[in-house]
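In my numbering, the protein residues as written are 14 to 134. Every residue gets a Cβ at the ideal spot worked out from N, C-alpha and C, and that includes glycine. As the structure is a prediction and not an experimental result, all values here were calculated from the model. Following: one structure in structure tokens, then a few remarks.
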């Protein structure tokens, strides 16, 4: 039965069987950063790296959320001396839109890190 297998078919079959072992892990191929952007009228943006954090732990997740929060304040031009209540809809809408864009990236990064940690047990 093996003698009937052509060399081309054997090469393809060997490549298909070896491909899971030669392909890099998905988590390694992605960059470890969150992109924070303000609203469309505000073209400011910032990249938040997290390659040094262990996102599989609660402390790592909290540290990433703090970094993203600080980046959003910088992107939306937060001023320490001002009170941002209902009278400042521009700042509030900027932070809301920025979190709306950054939150799925944070959740995805934490999910991938915990999934990878679970697989390595």
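Since residue i is in the beta strand (DSSP E), which residue starts that stretch and which ends it?
i, result
"residue 60", "58-62"
"residue 50", "46-50"
Is residue i buried or exposed, if buried means 16 or more other CB atoms sit within 10 Å of its CB?
i, result
"residue 93", "exposed"
"residue 119", "buried"
"residue 109", "exposed"
So, at 7 angstroms on beta carbons, what are the nonlocal neighbours of residue i in its own chain, with the 5 sequence-adjacent residues on each side left out?
i, result
"residue 124", "none"
Cα separation between residue i and residue j?
i, j, result
"residue 62", "residue 127", "18 angstroms"
"residue 82", "residue 134", "32 angstroms"
"residue 112", "residue 132", "30 angstroms"
"residue 91", "residue 104", "8 angstroms"
"residue 66", "residue 77", "8 angstroms"
"residue 88", "residue 80", "12 angstroms"
"residue 51", "residue 130", "32 angstroms"
"residue 121", "residue 107", "22 angstroms"
"residue 68", "residue 45", "11 angstroms"
"residue 73", "residue 64", "10 angstroms"
"residue 117", "residue 47", "10 angstroms"
Where do the N-terminal and C-terminal ends of the alpha helix (DSSP H) with residue i fall, by residue?
i, result
"residue 127", "102-132"
"residue 80", "71-88"
In its own chain, which residues sit with a C-beta less than 8 angstroms from the C-beta of residue i, not counting the 5 before and 5 after it?
i, result
"residue 49", "58, 59, 60, 61, 81, 84, 85, 88, 111, 114 and 115"
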